[in-house]
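K.L.:
Dropping a structure here in structure tokens format, bear with me for questions.
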Amino acid sequence: MERLLILLISLLMAMRSSWGDDNKLLSPSKLEMFVDDLPIMPKVQGFSVRDDGALVPGNLTIGMFQKLWKFHRDLPATRVFAYGLSKESATVPGPTIEARRGVHTDITWENHLPSRHILPWDPTIPTAKPSSGGVPTVVHLHGGVHPPFSDGNSNSWFTSGFHSTGPTWSSPTSSYPNVQPPGNLWYHDHAMGLTRVNLLAGLIGAYILRDPSLESPLPLPSSPFDLNLIVFDRSFRTDGSIYMNSTGNNPSIHPEWQPEYFGDAIIVNGKAWPRLHVQRRRYRFRILNASNARFFRFSFSNALPFFHIGSDSTYLPKPVKTTGFLLAPSEIADVIVDFSDSPTDSAILLNHAKYPFPSGDPVDEINSKVMKFVIERQRSPDPSRIPRHLLRFPKPSMQSAVKTRYITMYEYTTPSDEPTHLYLNGKAYEEPATETPKSGTSEIWHVINLTDDNHPLHIHLAHLSVLEQREILELEKFKDCMTRLNDAIKCHVDDHAVGKKDKVAKHERGWKNVFKAQPGFVTTMLVRFKLLGPGNTTYPFDATAEPGYVYHCHILDHEDNAMMRPLKLKP
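Residue numbers (mature numbering (1 follows the signal peptide of the UniProt record, and there is no 0)): -20 to -1, 1 to 551.
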């Protein structure tokens, strides 16, 4: 054991040396804002069209490659991991996959990554550890409704050439039936214990599911006025490499793991603080927060409003107007912005969210700015409009639920109050599944947040709708009881969850796949384990098969250590 410990420490020290000198961290003030144009990521069609116009299932092969990427005009090229049809065409973020509702898309994911990672990773947390080297990866289609073997289970990882595979890996090809309503999804890495570093390295991309029969009657802005904005934060060294602190907050326990990653530079579509020249007309922006841990509270410098038409992967029943909104990691806001109403010839997209959210540091002059819109002076013809109604889905009903569950969020710390790990329901990921809903039913989940952080809870496969957010009174008393008993009923949760009631924001009252669980609150949601419709609501695949699904916090540093639990559906 002593020899193994010495070997591990030697390996970590060698890794730290290869990751570079922390003193060479680049000051973000050295990078001039708004000098790079916003990139538009390449599009890949997830279906084929026959000569007679009929659509047929698509078969794609998408690889993961190490390459150099320019995040800013004045920053040296950065070594990244990138998705693409080839190394030459690979991008950060990856190509936007466009699929059609009801038409299968099969994707063979290939790992072409090197034998060693470009970022520090911590072998002392539950982590994929290949026997023959290589960088483990597996792809999850976030918001997708697909069979378990295609869900990107964290233990279904594989390395280059499939030289090593995880215990639940079964096939190099994932099958996406695209049976859910049209909307916005995204794909990203999901390897056990490495999600945070693999996404930091660049393994993210957008996936749009379209249904012309439902969407064409809606006179929404269309291409080229319909754009994905994938927003995240990064820090860099002076040589252009991505900076990630290589020393854990509890190095004697976890040499590398930090509870949250926050970068100094704000990146949109692979460029730091880009600019976009726009016409004076309406645009549709599908905004994804792809950060590890940073929340964004977006607003415009000239007070332009947003008109929300979708939240996560689902349309809202009708548009909702806001002047600003909060977006947690992994959430998607589908909005329309009408630049014809702009009182100025430019507008800066701003961020006001503290980090960690909600009680951390305020933003500064650097990370409070996201990107700039340069607006033409003359109005442009615009056939689009903001419809009064969008798409309607079944309203959430508590009466439809067949079971009630309590999901409790815990953070564990040292005597000096430094975090060591986080659990859901006080259980490690490896422990047997305790959430085993029946396929085709709905459940009530009371999510109890006993930590100081806001946690975006993501439930794979399911759609969820938040019904209530209620403050916990006598929180410390309740927390002490839960720490001892880990039983919400025995700790009389109903006697404590009687504080102030926070309304769910109007633009978040539709069906979602992730929601922000406030600290010191019980968030009550209806979780639906069946299709939304329209039409048949039965899954066209066996959702009860192995390896099942998962639910987890989407602050990636929390998910990796180890705020994730298995979700196994039963017949």
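Cβ atoms here follow ideal geometry from the backbone N, Cα and C, with glycine treated the same way. In this text, all values refer to a predicted model and were calculated from it rather than measured experimentally.
1) Take L11 as the anchor and find which of L99, E345, V72 and L329 has the nearest alpha-carbon.
2) Exposed or buried, what is L536 when buried is set at 16 or more other beta-carbons lying within 10 Å of its beta-carbon?
3) Between the beta-carbon of D292 and the beta-carbon of N493, is there less than 8 Å?
4) Rounded to the nearest angstrom, how far is the Cβ of F319 from that of R261, given a contact under 8 Å?
5) With distance defined between alpha-carbon atoms, name the residue in H84, L6 and D17 nearest to S28.
6) Helix, strand or coil for A192? Go by DSSP, reduced to three states.
7) Our contact map puts H435 next to A485 with C-beta atoms below 8 Å; I'd like the distance itself, whole angstroms only.
8) Would you decide whether R365 is buried or exposed? Buried here means 16 or more other CB atoms lie within 10 Å of its CB.
9) Measuring only the C-alpha atoms, how far is E488 from I469?
10) Taking the C-alpha atoms as reference points, what is the distance between R464 and S144?
11) What do you get for S322, buried or exposed, if any count of 16 or more other CB atoms within 10 angstroms of its CB means buried?
12) So the beta strand (DSSP E) E423 belongs to, where does it begin and stop?
13) Check this for me: beta carbons of L5 and S226, under 8 Å apart or not?
14) Run through DSSP, which three-state label would T414 get?
15) To the nearest angstrom, how far is it from the Cα of T167 to the Cα of I42?
16) Taking C-alpha atoms, which residue in K47, N230 and D482 lies nearest to S396?
17) Would you tell me roughly how many angstroms separate the C-alpha atoms of V315 and G113, rounded to the nearest one?
18) Terminal residues of the continuous alpha helix (DSSP H) containing T175?
19) How big is the Cα-Cα spacing for D16 and W49?
20) Tell me which same chain residues have a C-beta within less than 6 Å of the C-beta of P338, skipping the five on either side of it?
21) Do you know offhand how far T302's Cα is from F287's?
22) Throw me the rounded Cβ distance for the residue 555 and L371 pair, which I believe falls under 8 Å.
23) Do the CB positions of N541 and L404 come within less than 8 Å of each other?
24) Using only alpha-carbon positions, find the residue among V300, I20, P309 and L307 that is nearest to V317.
25) Could you give the C-beta distance for F275 and Y335, rounded to a whole number, given that I count them as a contact under 8 Å?
26) Do you know offhand how far A186's Cα is from L179's?
27) DSSP three-state label for L536, please.
28) How would you write the range of the beta strand (DSSP E) that D219 sits in, first residue to last?
29) Quick one: residues in its chain with C-beta nearer than 7 Å to the C-beta of K548, no 5 flanking neighbours on either side, listed in chain order?
30) What is the DSSP secondary structure of L18, reduced to helix, strand or coil?
31) By Cβ distance below 8 Å, which residues in the same chain neighbour S(-11) in space, the five residues on each side in sequence not counted?
32) Note down, in chain order, each residue of its chain lying with its Cβ closer than 8 Å to the Cβ of L99, except the 5 sequence neighbours on either side.
33) Could you please give me the residues that DSSP links to K492 through a beta bridge?
34) Taking its Cβ as the centre, do 16 or more other Cβ atoms sit within 10 Å of K550, making it buried, or is it exposed?
35) Is the stretch 65 to 77 touching the stretch 187 to 203, taking contact as three or more C-beta pairs under 8 Å?
36) Determine whether the beta carbon atoms of W237 and F373 lie at a separation below 8 Å.
P.N.:
Here's the rundown:
1) Within the sequence shown, the letter at position 31 stands for residue 11. Of the listed residues, the one whose Cα sits closest to L11 is E345.
2) Within the sequence shown, the letter at position 556 stands for residue 536. Buried is the call here.
3) Here residue 292 refers to the residue found at position 312 of the sequence shown. Here residue 493 refers to the residue found at position 513 of the sequence shown. Against a cut-off of 8 Å, the Cβ pair of N493 and D292 comes out as a contact.
4) In the sequence shown, the residue the question calls residue 319 occupies position 339. In the sequence shown, the residue the question calls residue 261 occupies position 281. Indeed they touch by this definition, with Cβ atoms about 6 Å apart.
5) Translated into the one-based positions of the sequence shown, residue 28 becomes position 48. When only C-alpha atoms are compared, the closest one is H84.
6) Mapped onto the sequence shown, residue 192 falls at position 212. In the sequence on display, residue 192 carries Pro and not Ala. Three-state DSSP puts P192 in a helix.
7) By 1-based counting over the sequence shown, the position of residue 435 is 455. By 1-based counting over the sequence shown, the position of residue 485 is 505. Actually they are not in contact, since the Cβ atoms of H435 and A485 sit about 17 Å apart, beyond 8 Å.
8) Counting from one through the sequence shown, the residue named residue 365 turns up at place 385. Result: exposed.
9) Taking the first residue of the sequence shown as 1, we reach residue 488 at position 508. Taking the first residue of the sequence shown as 1, we reach residue 469 at position 489. Going by the C-alpha atoms only, they are around 29 Å apart.
10) Looking up residue 464 in the sequence shown gives position 484. Looking up residue 144 in the sequence shown gives position 164. The straight-line gap from Cα to Cα measures roughly 41 Å.
11) In the sequence shown, residue 322 corresponds to position 342, counting from 1. The residue in question, S322, is buried, as its Cβ has 16 or more Cβ neighbours within 10 Å.
12) Here residue 423 is taken as the residue at index 443 of the sequence shown, counted from 1. That run of the beta strand (DSSP E) goes S422 to N429.
13) Here residue 5 refers to the residue found at position 25 when the sequence shown is read from its first residue. Here residue 226 refers to the residue found at position 246 when the sequence shown is read from its first residue. For L5 and S226, no; Cβs fall outside 8 Å.
14) Against the sequence shown, residue 414 aligns to sequence position 434. Coil at T414, not helix or strand.
15) For this step, residue 167 is matched to residue 187 along the sequence shown. For this step, residue 42 is matched to residue 62 along the sequence shown. In the sequence under discussion, the amino acid at residue 167 is Tyr, which differs from the Thr named in the question. Spanning the two alpha carbons is a distance of roughly 12 Å.
16) Within the sequence shown, numbered from 1, the residue matching residue 396 stands at position 416. S396 has its Cα closest to that of N230, out of K47, N230 and D482.
17) Residue 315 sits at position 335 when you count from the first residue of the sequence shown. Residue 113 sits at position 133 when you count from the first residue of the sequence shown. Using only the alpha carbons, I get a separation of about 43 Å.
18) Looking up residue 175 in the sequence shown gives position 195. Element bounds for T175: T175 to L180.
19) Looking up residue 16 in the sequence shown gives position 36. Looking up residue 49 in the sequence shown gives position 69. Looking at the two C-alpha atoms, the distance is approximately 13 Å.
20) In the sequence shown, residue 338 corresponds to position 358, counting from 1. Excluding positions up to five away in sequence, the list reads N434.
21) Here the question's residue 302 lines up with position 322 in the sequence shown. Here the question's residue 287 lines up with position 307 in the sequence shown. Near 6 Å, if we compare the C-alpha coordinates of F287 and T302.
22) Because the chain in this structure spans residues -20 to 551, residue 555 falls outside the shown range and cannot be described.
23) By 1-based counting over the sequence shown, the position of residue 541 is 561. By 1-based counting over the sequence shown, the position of residue 404 is 424. Going by C-beta atoms, N541 is not nearer than 8 Å to L404.
24) As a position in the sequence shown, residue 317 is number 337, starting the count at 1. Nearest C-alpha to V317: V300.
25) Indexing the sequence shown from 1 puts residue 275 at position 295. Indexing the sequence shown from 1 puts residue 335 at position 355. With 8 Å as the limit, F275 and Y335 qualify as a contact, their Cβ atoms being about 7 Å apart.
26) For the purposes of this step, residue 186 is identified with residue 206 of the sequence shown, where counting begins at 1. For the purposes of this step, residue 179 is identified with residue 199 of the sequence shown, where counting begins at 1. Their Cα atoms are separated by approximately 13 Å.
27) For the purposes of this step, residue 536 is taken as the residue at position 556 of the sequence shown. Three-state DSSP puts L536 in a helix.
28) Position 239 of the sequence shown, counting from 1, holds the residue named residue 219. Per DSSP, D219 belongs to no beta strand (DSSP E) and is neither H nor E.
29) As a position in the sequence shown, residue 548 is number 568, starting the count at 1. The answer, listed in chain order, is A413, T416 and G528.
30) The count along the sequence shown starts at 1 and reaches residue 18 at position 38. Correct three-state label for L18: coil.
31) Sequence index remark: in the sequence shown, residue -11 carries index 10 (1-based). Any answer about S(-11) is weak, because its pLDDT of 46 lies below 50 and its placement is not dependable; what the coordinates show is given next. Within the same chain, S(-11) has no close Cβ partners at all.
32) Position 119 of the sequence shown holds residue 99. Result list for L99: W(-2), V177, L180, A181, I222 and M224, in chain order.
33) If you number the sequence shown from 1, residue 492 lands on position 512. According to DSSP, which records beta bridges pairwise, K492 is partnered with L444.
34) Counting from one through the sequence shown, the residue named residue 550 turns up at place 570. When all chains shown are included, K550 counts as exposed.
35) yes
36) Translated into the one-based positions of the sequence shown, residue 237 becomes position 257. Translated into the one-based positions of the sequence shown, residue 373 becomes position 393. No. Outside cutoff.
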